[in-house]
Amino acid sequence: AVARIEQGARFCVAPVATAHPFGSTVNGFGEASSDLDVLIAVDEEELCYYMSYINWHQWEQRTHELMDQELPLQLPEMPRPAGIDQKAAMSCAIRQLAEFLPELGFKVVRYLPQARKPLVTLEDSTGQLECDLSINNRLPLCNTELLSAYSSLDWRVRPLVLLVKAWAKKFCICGATDGNLSSYSWTIMVIYFLQLTEILPSLQSLATSERVVSELDYWGWKRDFESSFLPAEEYLAGVKAGTIEARKGEASHTYSIGDLFYSFFHFFSETYKWGEEVISIRDPTRWEATGWWKLYGKLHPEPLIHVEDPI
Numbered sequence: 002a003v004a005r006i007e008q009g010a011r012f013c014v015a016p017v018a019t020a021h022p023f024g025s026t027v028n029g030f031g032e033a034s035s036d037l038d039v040l041i042a043v044d045e046e047e048l049c050y051y052m053s054y055i056n057w058h059q060w061e062q063r064t065h066e067l068m069d070q071e072l073p074l075q076l077p078e079m080p081r082p083a084g085i086d087q088k089a090a091m092s093c094a095i096r097q098l099a100e101f102l103p104e105l106g107f108k109v110v111r112y113l114p115q116a117r118k119p120l121v122t123l124e125d126s127t128g129q130l131e132c133d134l135s136i137n138n139r140l141p142l143c144n145t146e147l148l149s150a151y152s153s154l155d156w157r158v159r160p161l162v163l164l165v166k167a168w169a170k171k172f173c174i175c176g177a178t179d180g181n182l183s184s185y186s187w188t189i190m191v192i193y194f195l196q197l198t199e200i201l202p203s204l205q206s207l208a209t210s211e212r213v214v215s216e217l218d219y220w221g222w223k224r225d226f227e228s229s230f231l232p233a234e235e236y237l238a239g240v241k242a243g244t245i246e247a248r249k250g251e252a253s254h255t256y257s258i259g260d261l262f263y264s265f266f267h268f269f270s271e272t273y274k275w276g277e278e279v280i281s282i283r284d285p286t287r288w289e290a291t292g293w294w295k296l297y298g299k300l301h302p303e304p305l306i307h308v309e310d311p312i
């Protein structure tokens, strides 16, 4: 499916477009029923260049239709892109993909070209696999790399995450579209809990180099996001060599999956400070939510749970 999506993107978006899977299907916490998330990556200047041409071509077609003139369409040489910004280019690219990918065996399920992050949801007619497709949404790729690193640090991480998510789905409290915590949030909560039990470190706090990703924030402003973290293999090598101190829980391996499953619920029901504490795997020091956290989002009568996106 990813190869066919990349083929379509190179045909209808830009010849240099590449497709990259991300999310639970590749971060180590996926299930058989997990949807596929795919990012189409294109250099921003090239995306604006090609999409400005497409946008101009579509505008000319609409103009001819309105004028009701049956004239042969004479296209000039591709102009230098003008009058189209990054967000408009992303929306145009999503429209192109929604129109073309059905020819490669996909069915359009949902189409949101004007969303904050333009998106199209596809269903693969050959395998009934559902896929969310976005353009240049690079932060989820960084999050996927980070979560994949955590999943490889300790054998208990992945089964505990899957067990907690299975429980949440059993009781219908998993799924952001229904107003519940997302599967991603439940994963962050488990990793945070394992950091507090000293089984997992904070790989971001151990980063030895800086890596910055420029991306649009929630309000549509472009800014830099710090995405650096210590790779799992470097952390494990450092622990083995004695240059990085092993976490107590990691060194002992005394906690079973059952122990951790029970302790996870005990922590969030008895110890976690609802409405005050921020769940942060970037800085797992149980810091208190500021006014910004308490004002952000919708008002609720009950204390909130604050889950920080690590990047």
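Residue numbers (the working numbering): 2 to 312. Ideal placement from N, C-alpha and C gives every residue a C-beta, glycine not left out. All of these numbers come straight from a predicted model, not from anything done at the bench.
Please say whether residue j and residue i have beta carbons closer to each other than 9 angstroms?
i: residue 121; j: residue 85; result: no
i: residue 199; j: residue 212; result: no
i: residue 1; j: residue 214; result: With the chain running from 2 to 312 in the structure shown, residue 1 is simply not present.
i: residue 123; j: residue 280; result: no
i: residue 113; j: residue 216; result: no
i: residue 27; j: residue 145; result: yes
i: residue 130; j: residue 2; result: yes
i: residue 208; j: residue 182; result: no
i: residue 205; j: residue 137; result: no
i: residue 304; j: residue 277; result: yes
i: residue 150; j: residue 236; result: yes
i: residue 275; j: residue 306; result: yes
Tell me which residues share the same chain as residue i and place their Cβ nearer than 6 angstroms to its Cβ, disregarding the 5 neighbours each side in the sequence.
i: residue 90; result: 48, 49, 52
i: residue 169; result: 175, 187
i: residue 82; result: Legend: pLDDT at residue 82 = 45, less than 50; position of this residue unreliable, value from coordinates given subsequently. So the qualifying residues of the chain are 49, 50, 53.
i: residue 224; result: 218
i: residue 76; result: Low confidence applies to residue 76: its pLDDT is 46, below 50, so where it sits in the model is not reliable, and the reading given next is rough at best. Hits under 6 angstroms: none found.
i: residue 177; result: 183
i: residue 103; result: none
i: residue 80; result: Residue placement at residue 80 is poorly supported in this model, since its pLDDT is 48, which falls under 50; the coordinates still yield a value, given next. Within the same chain, residue 80 has no close Cβ partners at all.
i: residue 99; result: 109, 112, 121
Beta strand (DSSP E) containing residue i: first to last residue?
i: residue 254; result: Unbroken run through residue 254: none, as it is neither H nor E.
i: residue 135; result: 131 to 136
i: residue 41; result: 37 to 42
i: residue 227; result: 223 to 227
i: residue 122; result: 120 to 125
i: residue 289; result: Note, residue 289: premise wrong, no beta strand (DSSP E); not H, not E.
i: residue 20; result: 19 to 23
i: residue 215; result: 213 to 217
i: residue 108; result: 107 to 113
Going along the chain, which residues of its own chain have a beta-carbon closer than 7 angstroms to the beta-carbon of residue i, five neighbours each way excluded?
i: residue 310; result: none
i: residue 115; result: 92
i: residue 15; result: 43, 47, 48, 51
i: residue 261; result: 157, 161
i: residue 313; result: This structure gives no information on residue 313, because the portion of the chain shown stretches from 2 to 312.
i: residue 317; result: Shown here, the chain extends from 2 to 312; a query on residue 317 therefore has no answer.
i: residue 31; result: 25
i: residue 97; result: 13, 14, 55
i: residue 35; result: 25, 26
Report, in whole angstroms, the separation of the C-beta atoms of residue i and residue j, which I expect to be a contact under 8 angstroms.
i: residue 135; j: residue 40; result: 6 angstroms
i: residue 9; j: residue 148; result: Residue 9 to residue 148, Cβ: 28 angstroms. No contact.
i: residue 203; j: residue 282; result: 6 angstroms
i: residue 154; j: residue 233; result: 6 angstroms
i: residue 258; j: residue 157; result: 6 angstroms
i: residue 117; j: residue 24; result: Their Cβ separation, rounded to whole angstroms, is 18 angstroms, which puts residue 117 and residue 24 out of contact at 8 angstroms.
i: residue 37; j: residue 173; result: Not a contact, Cβ separation roughly 23 angstroms.
Take residue i and list the residues in its own chain whose beta-carbon comes closer than 8 angstroms to its own, dropping the five residues that flank it on each side.
i: residue 197; result: 268, 285, 287
i: residue 111; result: 120, 121, 122
i: residue 18; result: 7, 10, 11, 41, 42, 43
i: residue 126; result: 106, 107, 108
i: residue 264; result: 194, 198, 256
i: residue 191; result: 158, 161, 162, 165, 265
i: residue 142; result: 21, 23, 40
i: residue 101; result: 9, 12, 13
i: residue 4; result: 20
At a threshold of 8 angstroms, does residue i count as lining the ligand MN (C-beta to nearest heavy atom)?
i: residue 197; result: Absence of the ligand MN is noted for the structure shown, with no ligands found whatsoever.
Kindly indicate the opening and closing residues of the alpha helix (DSSP H) around residue i.
i: residue 234; result: 233 to 242
i: residue 11; result: 3 to 13
i: residue 88; result: 87 to 101
i: residue 146; result: 140 to 152
i: residue 186; result: 184 to 197
i: residue 170; result: 158 to 171
So with Cβ pairs under 9 angstroms, would you call residue i a contact of chain B?
i: residue 260; result: Among the chains in the structure shown there is no chain B, since it carries only a single protein chain.
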